[in-house]
Amino acid sequence: MNLTLKVWRQQNTDTKGKFVTYKADHVSPDMSFLEMLDVVNEDLVKSGDEPIGFDHDCREGICGSCALYINGRAHGPKQGIATCQLHMRSFYDGETIVIEPFRAASFPVIKDLSTNRSALDRIQQAGGYVSINTGGVPDANTIPVPKVISDEAFNSATCIQCGACVAACKNASAMLFVSAKVSQLALLPQGQPERYRRVQAMVAQMDAEGFGNCTNTGACEAECPKEISLTNIARMNREYFTAKLFKEEEIH
Amino acid sequence: MSNFAQTFSSSLGKKLIMSLTGLFMCTFLVIHLIGNLQLFKDDGGQAFNSYAYFMTHFPPIKVISYLLYTSIIVHAIYALVLTINNKKARPIGYAVFNGSANSPWTSRNMGILGTILLIFLVVHMSNFWAQYHWGNLPYARYEISLQNPQDIKVTSIPFEGKELAHADYVDARSGTQVIIAKNLYKIVNESFKQWWYVTLYVISMAALSFHLIHGFRSAFQTIGWDHKKYIPLIRFLGVWVFGVLIPIGFAAMPLYFFFFK
Numbered sequence: 081m082n083l084t085l086k087v088w089r090q091q092n093t094d095t096k097g098k099f100v101t102y103k104a105d106h107v108s109p110d111m112s113f114l115e116m117l118d119v120v121n122e123d124l125v126k127s128g129d130e131p132i133g134f135d136h137d138c139r140e141g142i143c144g145s146c147a148l149y150i151n152g153r154a155h156g157p158k159q160g161i162a163t164c165q166l167h168m169r170s171f172y173d174g175e176t177i178v179i180e181p182f183r184a185a186s187f188p189v190i191k192d193l194s195t196n197r198s199a200l201d202r203i204q205q206a207g208g209y210v211s212i213n214t215g216g217v218p219d220a221n222t223i224p225v226p227k228v229i230s231d232e233a234f235n236s237a238t239c240i241q242c243g244a245c246v247a248a249c250k251n252a253s254a255m256l257f258v259s260a261k262v263s264q265l266a267l268l269p270q271g272q273p274e275r276y277r278r279v280q281a282m283v284a285q286m287d288a289e290g291f292g293n294c295t296n297t298g299a300c301e302a303e304c305p306k307e308i309s310l311t312n313i314a315r316m317n318r319e320y321f322t323a324k325l326f327k328e329e330e331i332h
Numbered sequence: 004m005s006n007f008a009q010t011f012s013s014s015l016g017k018k019l020i021m022s023l024t025g026l027f028m029c030t031f032l033v034i035h036l037i038g039n040l041q042l043f044k045d046d047g048g049q050a051f052n053s054y055a056y057f058m059t060h061f062p063p064i065k066v067i068s069y070l071l072y073t074s075i076i077v078h079a080i081y082a083l084v085l086t087i088n089n090k091k092a093r094p095i096g097y098a099v100f101n102g103s104a105n106s107p108w109t110s111r112n113m114g115i116l117g118t119i120l121l122i123f124l125v126v127h128m129s130n131f132w133a134q135y136h137w138g139n140l141p142y143a144r145y146e147i148s149l150q151n152p153q154d155i156k157v158t159s160i161p162f163e164g165k166e167l168a169h170a171d172y173v174d175a176r177s178g179t180q181v182i183i184a185k186n187l188y189k190i191v192n193e194s195f196k197q198w199w200y201v202t203l204y205v206i207s208m209a210a211l212s213f214h215l216i217h218g219f220r221s222a223f224q225t226i227g228w229d230h231k232k233y234i235p236l237i238r239f240l241g242v243w244v245f246g247v248l249i250p251i252g253f254a255a256m257p258l259y260f261f262f263f264k
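Order-wise, the sequence lines are chains R and V. Position 208 (the first sequence) corresponds to 288 in our numbering; numbering is contiguous. Position 210 (the second sequence) corresponds to 213 in our numbering; numbering is contiguous.
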């Protein structure tokens, strides 16, 4: 396959970036998208140019590092996969592919396609944890959890914190991410002691980081590599309003 | 900041306000449509004018109408604030944005649709609501035969410097019920004879349809009312009642007057 790439190049956070066009020739359809970029980078290095910077780590869709906005969609044209799981057979020979970093005020560009997504870490640090010692493995069924509830919690827990929800959202809202992190703990018994404090702290941090507001377009759900569903956002809203309006933890 | 103020200035709190004001306006639309169906009655506007008097003078309805004006203003202001925040959240946009791949058109254009509706509301309220309250409208006198309620004699009373009292009494000598009411029907009739006015109404009702197809179900998602048991009902109501039936009902009124009156 022969492709034309239009890649966002930006020296660092403070400089202005621009698109640079590259030719990618003799690309195998079996290559992953990141392997294709590796090949392009090798050529760039050989010719003495600066290689394209992009985030990647596990390359099997579980770490959430890779984050490319390809032809107008987060993680490219397929559903339910991260950029690293996207293969060149999803494109056609001669296609022009536009590659941009995830865009949000809260995700400053570090270099080229690599973004600083630590805003999501700070939201997690604000409340996305259980602060009791979980101890050793308990005997089976000492803490009863219904199957459907545990499945739902595990579905929410599959979030890999890649930020595709923010990138896909027209408002750069992080609500799908925050709601998944709130849900996975709110549904399980271990998450109960901090349940109402958690949702308030995480939403407050999300607002402080400057993410946008959800308008329920559903773009996040459609682009999420782990297919986290919008029902999480409804649950977060329920948790938040319950906490704020009915369950404020104060000594009376 | 107090807990209450903090709640409603948070992102979720602002969305809650959008949702509640939006749903309140949806319930109003149902009442407004049912009431205005009286425009289709062939009685020289008697039912419609009596209804207009009731809606502007019955105290509980007055309270609700002030709530409604507040809702419209708050909904518009919060929409503006949220939109500005959302634009700030992505200062550098995408060169290529393929929105249709992951979200419906209506959900991405609520602001544009809402702006059309706001412009429509300004025109609509200044033409009818403000005219009714301060516009020195003419009056209509209806004499309805008690033997045959279909037999209605209409006489127009032009405005002559001071407002008349609304009256509704039975004249036993002539065997008629006499109603003297502000003739809102007359200016509705005149407005709906103008092609540009009818066009504005039809376009606005199309905007209303798209706004509510997304807005109605979105409001429930924001409140957190999301359950397999009733989501199908909410989606059905949002599309077929608020997205289709109500806008078509409203659009039918100017079209009826334009083509058949």
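Note that CB positions come from ideal geometry on N, CA and C, so glycine has one too.
Nearest candidate by alpha-carbon position, reference Pro131 (chain R), set R:Gly152, R:Val100, R:His106: Ranking R:Gly152, R:Val100, R:His106 by Cα distance to Pro131 (chain R) puts R:Val100 first.
Counted within 10 angstroms of its Cβ, other Cβ atoms place Phe88 (chain V) as buried (16 or more) or exposed: The sequence shown places Asn at residue 88 (chain V), not Phe. Answer is buried; the Cβ neighbour count reaches 16.
Residue range of the alpha helix (DSSP H) that includes Arg277 (chain R): Where Arg277 (chain R) is concerned, the enclosing alpha helix (DSSP H) starts and stops at 275–288.
Backbone CA spacing between Ala143 (chain V) and Asn6 (chain V) [nearest angstrom]: Rounded to the nearest angstrom, the two C-alpha atoms are 54 Å apart.
Boundaries of the beta strand (DSSP E) in which Arg89 (chain R) is found, first to last residue: Unbroken beta strand (DSSP E) run through Arg89 (chain R): 83–89.
Best match in V:Thr30, V:Tyr56, V:Phe223 for proximity to Leu70 (chain V) [C-alpha to C-alpha]: Measuring from the Cα of Leu70 (chain V), the nearest candidate turns out to be V:Thr30.
Gln224 (chain V) beta carbon near the ligand HEM (any heavy atom closer than 7 Å): The model depicted lacks the ligand HEM and carries no ligand whatsoever.
Pair within 8 Å by beta-carbon distance, Lys185 (chain V) and Leu140 (chain V): Yes.
Chain V within 8 Å of Asp287 (chain R), Cβ atoms only: Yes, its Cβ sits closer than 8 Å to a Cβ of chain V.
Beta-carbon neighbours of Gly100 (chain V), restricted to chain R and to distances below 7 Å: Reading off the sequence, residue 100 (chain V) comes out as Phe, not Gly. Close partners of Phe100 (chain V) in chain R (Cβ separation under 7 Å): Gly152.
Partners in chain R for Thr118 (chain V), counting only beta-carbon separations shorter than 9 Å: Per Cβ cutoff of 9 Å: no residues; Thr118 (chain V) is ~15 Å from chain R at best.
Simplified DSSP assignment, three categories, for Asp123 (chain R): Note: Asp123 (chain R) maps to helix in three-state DSSP.
Contacts of Thr311 (chain R) in chain V (Cβ-Cβ under 7 Å): Result: Asp229.
CB contact below 8 Å: Tyr149 (chain R) versus chain V: Output row for Tyr149 (chain R): interface = yes.
Chain V contact for Asn293 (chain R) (CB, 8 Å cutoff): Judged by the 8 Å Cβ criterion, Asn293 (chain R) is in contact with chain V.
Residue closest to Gly215 (chain R), alpha-carbon to alpha-carbon, out of R:Lys103, R:Gln270, R:Glu180, R:Pro224: Nearest C-alpha to Gly215 (chain R) among R:Lys103, R:Gln270, R:Glu180, R:Pro224: R:Gln270.
Residue environment, Lys306 (chain R), which counts as buried when at least 16 other CB atoms sit within 10 Å: Buried, since its Cβ has 16 or more Cβ neighbours within 10 Å.
CA-to-CA distance, Met81 (chain R) to Gly174 (chain R), given in whole angstroms: So the alpha carbons of these two residues sit roughly 7 Å apart.
Per-residue contacts from Gly3 (chain V) into chain R (C-beta, under 9 Å): Residue 3 (chain V) lies beyond the range of chain V shown here (4 to 264); nothing can be said about it.
Interface partners of Gly290 (chain R) on chain V, CB under 9 Å: Per Cβ cutoff of 9 Å: Asn88, Lys91, Ala92.
Contact set between Phe113 (chain R) and chain V, taken where Cβ atoms lie within less than 7 Å: Contacts between Phe113 (chain R) and chain V, judged by CB atoms closer than 7 Å, are missing: the closest CB pair is about 16 Å apart.
Near-chain V residues of the region 86–105 of chain R (beta-carbon distance less than 7 Å), N- to C-terminal order: Answer in chain order: Phe99.
Contacts that Lys264 (chain V) makes with chain R (C-beta to C-beta distance below 7 Å): Chain-ordered listing is empty here: chain R has no CB closer than 7 Å to the CB of Lys264 (chain V), the nearest sitting near 41 Å.
Amino acids of chain R, ordered along the chain, whose beta-carbon sits closer than 7 Å to that of Ile226 (chain V): Under the 7 Å cutoff, chain R gives Asn317.
One or two residues paired with Ile177 (chain R) in a DSSP bridge: Its beta-bridge partners are R:Leu85.
Selected residue, minimal CA-CA separation from Arg275 (chain R), among R:Ala162, R:Arg318, R:Gly144, R:Ala252: Comparing Cα-Cα distances from Arg275 (chain R) to each of R:Ala162, R:Arg318, R:Gly144, R:Ala252, the minimum goes to R:Arg318.
Three-state class that DSSP yields for Glu146 (chain V) in the structure shown: Glu146 (chain V) sits in a strand when the DSSP states are folded into three classes.
Ile142 (chain R) to Ala260 (chain R) span [Cα, whole Å]: Straight through space, the alpha carbons of Ala260 (chain R) and Ile142 (chain R) are spaced by roughly 16 Å.
7 Å CB neighbourhood of Arg220 (chain V) in its chain, flanking five on each side removed: So the qualifying residues of the chain are Ile237, Arg238, Gly241.
Within chain R, the residues that Leu85 (chain V) reaches when beta carbons sit closer than 9 Å: Result: Asn251, Gly292, Asn293, Thr295.
With 16 other Cβ atoms within 10 Å as the buried cut-off, status of Trp198 (chain V): Looking at its Cβ environment, which holds fewer than 16 other Cβ atoms inside 10 Å, Trp198 (chain V) is exposed.
Three-state secondary structure (DSSP) of His167 (chain R): His167 (chain R) sits in a strand when the DSSP states are folded into three classes.
Meets three-Cβ-pair contact criterion under 8 Å: the region 141–161 of chain R and the region 246–263 of chain R: Contact holds: three or more Cβ-Cβ distances are below 8 Å.
Given His35 (chain V) as reference, the closest of V:Ser177, V:Trp132, V:Pro107 once Cα atoms are compared: Comparing C-alpha distances from His35 (chain V) to each of V:Ser177, V:Trp132, V:Pro107 shows the shortest one belongs to V:Trp132.
Backbone CA spacing between Ala254 (chain V) and Gly47 (chain V) [nearest angstrom]: Looking at the two C-alpha atoms, the distance is approximately 20 Å.
Neighbourhood of Phe162 (chain V) by C-beta, 7 Å cutoff - its chain only, sequence neighbours within 5 removed: Within the same chain, Phe162 (chain V) has close Cβ partners Asn139, Leu140, Pro141.
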